[in-house]
Amino acid sequence: MLKGFTRRHVYLVSSLLIILAVILSACAPGGAPATSGPAAEPAAGKVYKIAFSVPAMSFPFFVHMEKQVRDEAAKLGNVEIITLDGQDDTTKQVADLEGVIAQGYDGLIVSPRTNEGVAPVIQQVIDAGIPVVTIDRRADGVNGLLAHVGADNVLGGEEQGKAILSLFPDGAKIIELLGTPGASPAIDRSAGLHNVIDPAGNIEVVCQQTGEFNRDKGLTVTENCLSANPDAQAIVAANDDMALGAVEAAKAAGVELPIIGFDALPEALLAVRDGAMYGTVEQFPGGQSRTALQTLVNFIVNGAKPESDVVLLAPKLITQENFEEAERLSEIPQ
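Numbering-wise (my numbering), the sequence shown opens with residue 10 and increments by one.
Below is the structure:
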């Protein structure tokens, strides 16, 4: 039963192993899924209806996740994926999940837009007898989750903080762009960043505002922050969409400063390669997606519960120095 997160409950998968798993999956005969155990085999003739609910399909990160889930479903066979787009609206996502109950889905993979707003209806789905795996974003306080699959977002934020200390050992003034209030990645990534920079004592966050994981809002917030703090020396963003908005704002202001994002989107990787961004945190969303679906289908078909109810992939900061380690490297222009 998943009630909270402690290090004792975390099954931390190293990023190197995830990269290896992705490579092996691509090279395996027939495109076999990358998994440590036997893949679930749906019963002949039975089609399992799985809902995939995300905060917003307008976010490129979730578009990639959906593709990975659908690709894995095709490999497993007899699995139908129905995508539910929350449209960045908690009320819409709640209504979608109420529909999962009404329509009697076989399972649910969900990334809640916010914990407070969506966790209660996730509990209702579970109470209705539908197995649930959360992905990327947690649903704290929910009883009976089959598993949570995501990245260790605190560790990812710490990677951003270490980069800041490496770039500015003598101290710096920085801008922090926060994610959607109440979303677990926004909370955890900021916590990780401050785990590193606060004890150092010489990093001052001169502007800390939410861009709500949105590029346009990230651009606007950065414009305001730079206007009020022209001596800012770096920008740390809780995702790549906001970081890319910050790139536009800095360029328009004629300012050059290191910008660090999170997600390793292809467009952000291109910006890292070309020097517009210093780095981005890779959280291996393909590995998250495949693991989440494998876990859910294996339980539905075989009644097999995962070894751990929390599976966290270890994120890694991608810069020009280790650029080739990014999951989506093949998607950017060469």
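All residues carry an ideal CB built from backbone N, CA and C; glycine is no exception.
For residue i, is the classification buried or exposed, using 16 other Cβ atoms within 10 angstroms of its Cβ as the cut-off for buried?
{"i": "residue 314", "result": "exposed"}
{"i": "residue 197", "result": "buried"}
{"i": "residue 169", "result": "buried"}
{"i": "residue 137", "result": "exposed"}
{"i": "residue 220", "result": "buried"}
{"i": "residue 278", "result": "buried"}
{"i": "residue 178", "result": "exposed"}
{"i": "residue 242", "result": "buried"}
{"i": "residue 240", "result": "exposed"}
{"i": "residue 172", "result": "buried"}
{"i": "residue 100", "result": "exposed"}
{"i": "residue 270", "result": "buried"}
{"i": "residue 318", "result": "buried"}
{"i": "residue 259", "result": "buried"}
Indicate whether residue i and residue j have their beta-carbon atoms separated by less than 9 Å.
{"i": "residue 155", "j": "residue 142", "result": "yes"}
{"i": "residue 322", "j": "residue 160", "result": "yes"}
{"i": "residue 286", "j": "residue 253", "result": "yes"}
{"i": "residue 123", "j": "residue 60", "result": "no"}
{"i": "residue 212", "j": "residue 180", "result": "yes"}
{"i": "residue 340", "j": "residue 275", "result": "yes"}
{"i": "residue 222", "j": "residue 195", "result": "yes"}
{"i": "residue 250", "j": "residue 69", "result": "yes"}
{"i": "residue 116", "j": "residue 308", "result": "yes"}
{"i": "residue 75", "j": "residue 63", "result": "yes"}
{"i": "residue 112", "j": "residue 58", "result": "yes"}
{"i": "residue 298", "j": "residue 96", "result": "no"}
{"i": "residue 106", "j": "residue 134", "result": "yes"}
{"i": "residue 233", "j": "residue 217", "result": "no"}
{"i": "residue 73", "j": "residue 295", "result": "yes"}
Our contact map puts residue i next to residue j with C-beta atoms below 8 Å; I'd like the distance itself, whole angstroms only.
{"i": "residue 131", "j": "residue 114", "result": "Actually they are not in contact, since the Cβ atoms of residue 131 and residue 114 sit about 13 Å apart, beyond 8 Å."}
{"i": "residue 176", "j": "residue 267", "result": "6 Å"}
{"i": "residue 185", "j": "residue 214", "result": "5 Å"}
{"i": "residue 247", "j": "residue 228", "result": "That pair is no contact at about 15 Å."}
{"i": "residue 183", "j": "residue 302", "result": "38 Å between Cβ atoms; not a contact."}
{"i": "residue 128", "j": "residue 149", "result": "7 Å"}
Closer than 6 Å by C-beta to residue i: which residues in its own chain qualify, once you throw out the five before and the five after it? Chain order, please.
{"i": "residue 98", "result": "none"}
{"i": "residue 273", "result": "289, 291, 327, 335"}
{"i": "residue 204", "result": "167"}
{"i": "residue 244", "result": "184, 255, 268"}
Please work out which residues of its chain come closer than 7 Å, Cβ to Cβ, to residue i, disregarding the five sequence neighbours upstream and downstream, and give them in chain order.
{"i": "residue 125", "result": "191"}
{"i": "residue 55", "result": "87"}
{"i": "residue 90", "result": "59, 61, 78, 79, 82"}
{"i": "residue 65", "result": "71, 94, 95, 96, 97"}
Only counting the same chain, and skipping five residues up and downstream in sequence, which positions put a Cβ closer than 8 Å to that of residue i?
{"i": "residue 304", "result": "142, 155, 156, 158, 315, 320"}
{"i": "residue 35", "result": "Bear in mind that a pLDDT of 38 at residue 35, under 50, signals an unreliable position, so the model cannot answer this."}
{"i": "residue 29", "result": "In this prediction, residue 29 has a pLDDT of 35, which is less than 50 and means its spatial position is unreliable; what the coordinates show is noted afterwards. The answer is none, since no qualifying residue turns up."}
{"i": "residue 147", "result": "14, 121, 124, 157, 159, 193"}
{"i": "residue 325", "result": "24, 168, 290, 291, 331, 334"}
When every heavy atom of the ligand MN is checked, does at least one fall within less than 8 Å of the C-beta of residue i?
{"i": "residue 87", "result": "Absence of the ligand MN from the depicted structure is noted, as is the absence of any ligand whatsoever, leaving it without description."}
Complete runs of the alpha helix (DSSP H) confined to the stretch 214-250 [at least 4 residues]: 224-237
Beta strand (DSSP E) runs wholly inside the stretch 94-150, at least 3 long, in chain order: 116-119, 141-144
Runs of beta strand (DSSP E) lying entirely within the stretch 46-88, each at least 3 residues, in chain order: Those beta strand (DSSP E) runs which fall completely within the stretch 46-88 and span 3+ residues are 57-63.
Whole alpha helix (DSSP H) elements within the stretch 176-209, 4-residue minimum: 193-209
Minimum length 3: unbroken beta strand (DSSP E) runs contained in the stretch 242-292: 243-246, 268-271, 288-291
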